[in-house]
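Notes to accompany the following structure.
Numbering (my numbering), first residue to last: 60 to 388.
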């Protein structure tokens, strides 16, 4: 499904013309740092590092540092490309209009050039310093996110976040490949956890920012299929994801602590998803609140699931990481 291009109000057009019709500022160092999407990048680096440590082969600390640095630069490059390509859409959404390119603090060509340099540098460093398997997966991740998700899927289908979410699931596979030069089934289990986690996480947020996406012409699930359908799909994905998150136990990747975190955390995730399903979250869109957590009463179940989903994924990977670093599991 492709939504029609959003109609801009005269005030919006004037604002965008003012920003993009004139020479934008070159931006401060902090603006370029924000182009990297640091919050997203931190999660990418964390899961990539976990994959590297959980892999059976020990890695030289210097090699591990270079691998994590390459993953960080690649993730940052993808984020910068996204902001450059989505600058007009970002400017129409309250949650994203303060981003450097959308706000006119960094020009689109400068952001594209910055992203291009980081992309080439990250893949080249990974190939020369680590191995070609990891470098190839890193290059695939960048292209997947920028071309398939940002340029093709995002405006064309409500499945954008499902298919495109694979880009955010690759880092632990890249980390594993950096350590071993291979990508076995264990690495893809970590991929599957993030891949299945992404839809309920993203759609929970979309339930109370629906108007923002609608105004920007992005067919997120609540916009294209409605809130009721979205709430059901959140529940279904949660019911699949929680058992998959327990698979590292069966494959001897996680121990007793991981078992407790994955089972209890997964059960609570499903409990919150059931609350979302039974709620009226999204029935009366909030209008894209500037704060991710300041919502109306009926949207609080979606807000709670969104917030817990971040804690849940972090806890899963932190537990795996901790068991392998501190207990030698």
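By construction, the Cβ of each residue, glycine as well, lies at the ideal position given by its N, Cα and C atoms.
Looking only at C-alpha atoms, which of the options sits nearest to residue i?
i           : options               : result
residue 233 : 384, 125 and 177      : 125
residue 59  : 251, 287 and 262      : This structure does not reach residue 59, given that the chain is present from 60 up to 388, and the question cannot be answered.
residue 243 : 338, 192 and 268      : 192
residue 308 : 151, 388 and 133      : 388
residue 292 : 310, 263, 316 and 267 : 263
residue 361 : 286, 302 and 384      : 286
residue 331 : 315, 302 and 290      : 290
residue 363 : 118, 266 and 272      : 266
residue 384 : 314, 88 and 340       : 314
residue 128 : 185, 141 and 167      : 185
residue 337 : 166, 253 and 288      : 288
residue 95  : 146, 329, 177 and 148 : 177
residue 100 : 123, 118, 119 and 141 : 141
residue 168 : 145, 302, 153 and 187 : 145
residue 154 : 274, 326 and 172      : 274
residue 281 : 219, 224 and 303      : 219
Leaving out the 5 sequence neighbours to the left and right, which residues in its chain are closer than 7 Å to residue i when beta-carbon positions are compared?
i           : result
residue 376 : 105, 106 and 109
residue 370 : none
residue 230 : 103, 106, 107, 110 and 130
residue 296 : 255, 258 and 259
residue 322 : 305
residue 374 : 320 and 324
residue 312 : 113, 245 and 379
residue 284 : 217
residue 340 : 266, 267, 286, 290, 357, 358, 360 and 361
Is the beta carbon of residue j closer than 8 Å to that of residue i?
i           : j           : result
residue 238 : residue 116 : yes
residue 201 : residue 137 : yes
residue 209 : residue 278 : no
residue 221 : residue 198 : no
residue 143 : residue 170 : yes
residue 161 : residue 150 : yes
residue 132 : residue 180 : yes
residue 357 : residue 317 : no
residue 248 : residue 310 : yes
Can you name, in chain order, every residue of its own chain whose Cβ lies under 6 Å from the Cβ of residue i, other than the five neighbours on each side?
i           : result
residue 256 : 300 and 372
residue 204 : 137 and 226
residue 189 : 126 and 237
residue 368 : 260
residue 386 : none
In the DSSP assignment, find the unbroken alpha helix (DSSP H) run with residue i in it and report its ends.
i           : result
residue 309 : 306-309
residue 217 : Looking at the DSSP string, residue 217 is not in any alpha helix (DSSP H), and its letter there is neither H nor E.
residue 189 : Taken as a continuous stretch (DSSP letters only), residue 189 belongs to no alpha helix (DSSP H), as it is neither H nor E.
residue 270 : 269-274
residue 249 : 244-266
residue 339 : Neither: residue 339 is in no alpha helix (DSSP H) and is coded neither H nor E.
residue 312 : No alpha helix (DSSP H) holds residue 312; DSSP gives it neither H nor E.
residue 300 : 286-303
Return the chain-ordered list of same chain residues with a C-beta closer than 8 Å to the C-beta of residue i, the five sequence neighbours on each side being excluded.
i           : result
residue 93  : 158 and 159
residue 196 : 229, 232, 233, 236 and 242
residue 156 : 149, 150 and 162
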